[in-house]
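Colleague:
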Amino acid sequence: MNMLDNSNNDNHLPFAAGVGYKPQHFNQILNDAAPVKWLEVHAENYMGDGGRPLAQLRHLSERFPISVHGVGLSIGSEGPLNPDHLARLKHLCDWLNPASFSEHLAWSTHDSHFFNDLLPLPYTDTTLNRICDHIDQVQEVVGRKMLLENPSSYLAFDESTWSEPDFLREVSRRTGCGLLLDVNNVFVSATNLNYSPQAYIDEYPIENVGEIHLGGHDEDEDDHGHPLLIDSHGREVVDPVWALLDYVLERSGPKPVLVEWDTDVPEWPMLQAEATRAQNALHKVPA
Amino acid sequence: MLNPQAIVPEGLSDAQARPAGRRFNVYRNNVAVSLTEAMHQAFPVITKLLGPNNMDGLAGIFLRQNPPSSPLMMHYGEAFPAFLQGMDQLSHLGYLPDIAWLELAIRRSYHAADSSPIAPNALAIDPEQLANATLQFAPAMEVLRSDWPIYDIWAYNSIDGTAKPQSTAQDVLITRPEYDPIPKPLPIGGADWIDALRDRQSIGQAQETAMAAQPEFDLGATLTLLLQGGAITSLTTEG
């Protein structure tokens with residue numbers, strides 16, 4: 001594939017609202033994208049050889065800055081990164097020349113099995129070294145700076161010796177990677193593990209944030225009746241997460257803010273309304 | 288990770304330092320639910336034939352025996368036809384594995400590389416030259432042979448208003464004129480002719496091969512389907 005000519009795009013994510021792109025919204029996005037100024041795609045959905053997915057992405061990239069968000073690289077794996085998958089990511093990024101590229105602080109592959117979920121890891125010196133080695137490798141192969149996203153957690157590892165914000169700060173310092181702050185994930189983890197989400201944000205290296213995520217979660221309970229929030233991306237962003245976004249933006253200043261909605265995907269107007277709410281939150285922030 | 292009866296690993300806890308218990312199962316559950324959902328999306332006709340609840344159960348067994356080996360979920364389920372073949376309790380639905388093959392092939396076609404069809408007049412050359420020519424096909428073209436009326440069964444469960452399946456064996460051709468794969472039943476011998484051409488036989492040799500296998504082979508009807516579907520990408524004549 002030849003590299004796309006999207007040179008007319010300012011190749012960075014604007015400090016504005018974006019949405020996770022779903023193919024069922026293709027026509028509406030082209031007809032009335034407002035207020036959405038950029039789009040994010042899951043890298044793995046665009047690793048086929050051709051057909052409609054790549055044609056749509058080519059089309060959208062002529063109008064919008066695109067963020068490529070990987071969900072399958074398994075940066076937290078104990079073993080080496082999958083070289084085939086890394087090559088596919090490089091291929092996609094070389095072709096699309098995206099405005100941003102991000103992945104997760106999580107693992108999904110073990111013993112060559114891929115679990116299609118983002119699984120947690122303990123925060124120790126050993127995992128820190130491994131994560132940094134993997135990110136060095138990703139940035140070298142793909143040839144771009146990546147953003148690393150904080151996970152949502154349902155449990156804690158007794159062996160962890162680093163707090164998550166400190167761990168992320170150190171990864172960013174050593175590798176030069178940026179950070180993707182998922183505000184819903186902070187809220188979900190803080191509720192599940194009983195700490196203050198504002199305290200997490202206060203500790204978090206906010207100066208390294210290149211992008212912010214928002215999404216909906218489901219509510220459940222654990223064995224002891226304690227609330228257990230599940231990061232499902234299947235509904236609207238709840239009010240406390242919007243409030244946490246305001247708290248973040250007051251400290252970070254304007255950033256690209258994305259609304260994710262991946263399961264039970266709604267009709268376009270509903271997603272558009274969420275993007276409008278994100279844009280309004282950005283309007284309140286002094287530039 | 289996919290075994291719901293397995294014990295929860297040690298060293299995982301909730302915020303009060305109590306063992307993680309069912310919190311760990313959130314992860315197990317997420318993995319199983321997302322893969323089950325992927326199977327429903329990948330095999331809509333199988334799901335319709337079996338019913339969603341049976342499909343849930345079957346997918347649950349399948350995904351534990353065949354967890355994905357790649358992060359590319361677009362190809363997940365390649366082992367599903369063989370898995371269906373091996374299920375004794377489904378042996379009365381002998382056509383299920385072939386339907387699963389068809390649904391896999393439709394997905395492969397959807398994600399295959401783009402290509403340009405030959406000009407309509409490209410075949411309007413000297414008949415002898417044409418018989419000696421070879422053809423190249425689009426990456427998105429797929430051919431499936433079956434002892435079952437798989438096109439009819441697929442169409443009856445996919446396209447509203449389609450007639451009930453007849454009980455004749457059907458081979459299926461999938462073409463992708465633009466972005467949507469289109470399955471069509473192949474005329475008798477069509478699959479033999481296309482396979483021979485894919486083995487680098489000339490148009491004439493392939494016709495002999497197809498006639499030997501199926502005396503009623505209809506070259507014109509097969510060629511029309513291929514041209515309508517934009518499945519022929521080039522014609523090479525001997526020097």
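Chains A and B are the protein sequences, given in the same order.
According to the working numbering, the stretch in the first sequence is residues 1 to 287, in order.
According to the working numbering, the stretch in the second sequence is residues 288 to 526, in order.
Note that beta-carbon positions come from the ideal geometry of N, C-alpha and C, so glycine has one too.
Predicted model only: the values in this text are computed from it and were never measured.
Please tell me whether, using a cut-off of 8 Å, the distance from the CB of serine 357 (chain B) to the nearest non-hydrogen atom of the ligand FMN is below it.
Modeller: The model depicted lacks the ligand FMN and carries no ligand whatsoever.
Colleague: So, are the CB atoms of alanine 307 (chain B) and leucine 119 (chain A) less than 9 Å apart?
Modeller: Within the second sequence, residue 307 (chain B) is the residue found at index 20, counting from 1. Within the first sequence, residue 119 (chain A) is the residue found at index 119, counting from 1. For alanine 307 (chain B) and leucine 119 (chain A), no; Cβs fall outside 9 Å.
Colleague: Quick one, which of B:Ala392, B:Ile519, B:Thr524, B:Ser433 has its alpha-carbon nearest tyrosine 363 (chain B)'s?
Modeller: Counted from its first residue, the second sequence places residue 363 (chain B) at position 76. Out of B:Ala392, B:Ile519, B:Thr524, B:Ser433, B:Ala392 has the C-alpha closest to the C-alpha of tyrosine 363 (chain B).
Colleague: Can you find the residues in the same chain that come closer than 7 Å, C-beta to C-beta, to leucine 389 (chain B), ignoring five residues on each side of it along the sequence?
Modeller: Walking along the second sequence from the start, residue 389 (chain B) turns up at place 102. Here the set comprises Leu431, Ile437, Trp441, Val459, Pro470.
Colleague: Using a C-beta to C-beta distance shorter than 9 Å, which residues of chain B count as neighbours of methionine 47 (chain A)?
Modeller: The sequence position of residue 47 (chain A) within the first sequence is 47, counting from 1. Pro358, Leu359, Met361, His398, listed in chain order.
Colleague: Arginine 487 (chain B) CB to nearest chain A CB: under 9 Å?
Modeller: Locating residue 487 (chain B) in the second sequence gives position 200, where the first residue counts as 1. With 9 Å as the cut-off, arginine 487 (chain B) does not count as an interface residue toward chain A.
Colleague: Look at valine 68 (chain A) and serine 100 (chain A) and say whether their C-beta atoms are less than 9 Å apart.
Modeller: To locate residue 68 (chain A), count along the first sequence from 1; it is residue 68. To locate residue 100 (chain A), count along the first sequence from 1; it is residue 100. Result yes, Cβ atoms of valine 68 (chain A) and serine 100 (chain A) sit closer than 9 Å.
Colleague: Give me whichever residues DSSP pairs with threonine 449 (chain B) in a beta bridge.
Modeller: In the second sequence, the residue the question calls residue 449 (chain B) occupies position 162. Paired residue(s): none; threonine 449 (chain B) is not in a bridge.
Colleague: So who's on the other strand from alanine 420 (chain B), going by DSSP bridges?
Modeller: Numbered from its first residue, the second sequence carries residue 420 (chain B) at position 133. None; alanine 420 (chain B) has no bridge partner.
Colleague: Rounded to the nearest angstrom, what separates valine 237 (chain A) and aspartate 182 (chain A) at their Cα positions?
Modeller: Taking the first residue of the first sequence as 1, we reach residue 237 (chain A) at position 237. Taking the first residue of the first sequence as 1, we reach residue 182 (chain A) at position 182. The straight-line gap from Cα to Cα measures roughly 12 Å.
Colleague: The alpha helix (DSSP H) that contains leucine 96 (chain A), what's its start and end?
Modeller: Here residue 96 (chain A) corresponds to residue number 96 of the first sequence, with the count starting at 1. 83–96 is the span of the alpha helix (DSSP H), which, as asked, contains leucine 96 (chain A).
Colleague: Can you tell me where the beta strand (DSSP E) with proline 502 (chain B) in it begins and where it stops?
Modeller: Here residue 502 (chain B) corresponds to residue number 215 of the second sequence, with the count starting at 1. That residue, proline 502 (chain B), is in no beta strand (DSSP E); it is neither H nor E in DSSP.
Colleague: Report the residue ranges of all beta strand (DSSP E) runs contained in full by the region 452–484 of chain B; include only those spanning at least 3 residues, in chain order.
Modeller: DSSP runs (the beta strand (DSSP E)) wholly in the region 452–484 of chain B: 459–462, 469–472.
Colleague: Quick check: the region 407–419 of chain B against the region 371–383 of chain B, are at least 3 beta-carbon pairs closer than 8 Å?
Modeller: The region 371–383 of chain B is not in contact with the region 407–419 of chain B.
Colleague: Mind checking glutamine 457 (chain B): buried by the 16 CB within 10 Å criterion, or exposed?
Modeller: Position 170 of the second sequence holds residue 457 (chain B). With 16 or more Cβ atoms within 10 Å of its Cβ, glutamine 457 (chain B) is classed as buried.
Colleague: What are the boundary residues of the beta strand (DSSP E) that tryptophan 107 (chain A) is part of?
Modeller: The residue labelled residue 107 (chain A) in the question sits at position 107 within the first sequence. Residues 107–110.
Colleague: Relative to the alpha-carbon of phenylalanine 167 (chain A), which residue among A:Leu193, A:Met146, A:Thr124, A:Ser189 has its alpha-carbon at the smallest distance?
Modeller: Sequence index remark: in the first sequence, residue 167 (chain A) carries index 167 (1-based). Looking at the Cα atoms, A:Thr124 is the closest of the given residues.
Colleague: With distance defined between alpha-carbon atoms, name the residue in A:Pro14, A:Arg63, A:Phe15 nearest to alanine 33 (chain A).
Modeller: As a working note, residue 33 (chain A) is residue 33 in the first sequence. Minimum Cα distance to alanine 33 (chain A) is reached at A:Arg63.
Colleague: What does a CB cutoff of less than 8 Å around proline 286 (chain A) pick up in its chain, not counting 5 residues either side in sequence?
Modeller: Against the first sequence, residue 286 (chain A) aligns to sequence position 286. Taken in chain order, the residues that qualify are Gly253.
Colleague: Please check if any C-beta of chain B sits within less than 9 Å of the C-beta of phenylalanine 157 (chain A).
Modeller: Against the first sequence, residue 157 (chain A) aligns to sequence position 157. For phenylalanine 157 (chain A), the answer is yes, since a Cβ of chain B falls inside 9 Å of its Cβ.
Colleague: Determine contact between the region 187–197 of chain A and the region 269–284 of chain A, defined as no fewer than three beta-carbon pairs at a distance below 8 Å.
Modeller: Flag = no, the region 187–197 of chain A and the region 269–284 of chain A do not touch.
Colleague: Which residues in the same chain have their Cβ closer than 7 Å to the Cβ of serine 153 (chain A), if we skip the five residues on either side of it in sequence?
Modeller: As a position in the first sequence, residue 153 (chain A) is number 153, starting the count at 1. Around serine 153 (chain A): Pro120, Ser189, Asn192, Leu193.
Colleague: Could you compute how far the alpha carbon of alanine 508 (chain B) sits from the alpha carbon of alanine 55 (chain A)?
Modeller: Position 221 of the second sequence, counted from the start, is the residue given in the question as residue 508 (chain B). Position 55 of the first sequence, counted from the start, is the residue given in the question as residue 55 (chain A). Spanning the two alpha carbons is a distance of roughly 31 Å.
Colleague: Could one say the Cβ of proline 464 (chain B) lies closer than 9 Å to chain A's Cβ atoms, at least one of them?
Modeller: Working through the second sequence from its first residue, we reach residue 464 (chain B) at position 177. No, its Cβ sits nowhere closer than 9 Å to a Cβ of chain A.
Colleague: Determine whether the beta carbon atoms of phenylalanine 367 (chain B) and alanine 329 (chain B) lie at a separation below 9 Å.
Modeller: Start at 1 with the first residue of the second sequence, and residue 367 (chain B) comes out as number 80. Start at 1 with the first residue of the second sequence, and residue 329 (chain B) comes out as number 42. Yes, these two residues count as a Cβ contact at 9 Å.
Colleague: Could you tell me if aspartate 301 (chain B) is buried or exposed, where buried requires 16 or more neighbouring beta carbons within 10 angstroms of its beta carbon?
Modeller: Taking the second sequence and counting its residues from 1, one reaches residue 301 (chain B) at position 14. It counts as buried.
Colleague: Evaluate contact between the region 338–351 of chain B and the region 84–97 of chain A, counting only Cβ atoms and requiring at least three cross-stretch pairs below 8 Å.
Modeller: With a cut-off of 8 Å, the region 84–97 of chain A and the region 338–351 of chain B do not count as touching, because too few Cβ pairs lie within range.
Colleague: Give, in chain order, every unbroken run of the alpha helix (DSSP H) that is at least 4 residues long and sits entirely within the region 135–191 of chain A.
Modeller: DSSP runs (the alpha helix (DSSP H)) wholly in the region 135–191 of chain A: 164–175.
Colleague: Kindly say whether serine 289 (chain A), judged by its beta-carbon, lies nearer than 9 Å to any beta-carbon of chain B.
Modeller: The structure shown does not extend to residue 289 (chain A), since chain A is modelled only from 1 to 287, so the question has no answer here.
Colleague: Could you name the residues of the region 491–519 of chain B whose beta carbon sits closer than 7 Å to any beta carbon of chain A, in the order they occur along the chain?
Modeller: Here the close residues number zero.
Colleague: Exposed or buried, serine 74 (chain A), counting other C-beta atoms within 10 Å across all chains shown (16 or more means buried)?
Modeller: Counting from one through the first sequence, the residue named residue 74 (chain A) turns up at place 74. So serine 74 (chain A) counts as buried.
Colleague: Between the alpha carbons of arginine 88 (chain A) and leucine 359 (chain B), how many angstroms are there, rounded?
Modeller: To locate residue 88 (chain A), count along the first sequence from 1; it is residue 88. To locate residue 359 (chain B), count along the second sequence from 1; it is residue 72. Each residue's alpha carbon lies about 10 Å from the other.
Colleague: Consult DSSP for tryptophan 261 (chain A) and reduce its assignment to one of helix, strand or coil.
Modeller: Start at 1 with the first residue of the first sequence, and residue 261 (chain A) comes out as number 261. In this structure, tryptophan 261 (chain A) counts as coil in the three-state DSSP scheme.
Colleague: If we count the other Cβ atoms within 10 Å of its Cβ and call it buried at 16 or more, is glutamine 272 (chain A) buried or exposed?
Modeller: If you number the first sequence from 1, residue 272 (chain A) lands on position 272. Result: buried.
Colleague: Does alanine 559 (chain B) come out as helix, strand or coil in the three-state DSSP assignment?
Modeller: In the structure as shown, chain B starts at 288 and stops at 526, and residue 559 (chain B) therefore has no counterpart that could be examined.
Colleague: The beta strand (DSSP E) spanning glutamate 288 (chain A) covers which residue range?
Modeller: Any answer about residue 288 (chain A) is impossible in this case: the structure gives chain A only from 1 up to 287.
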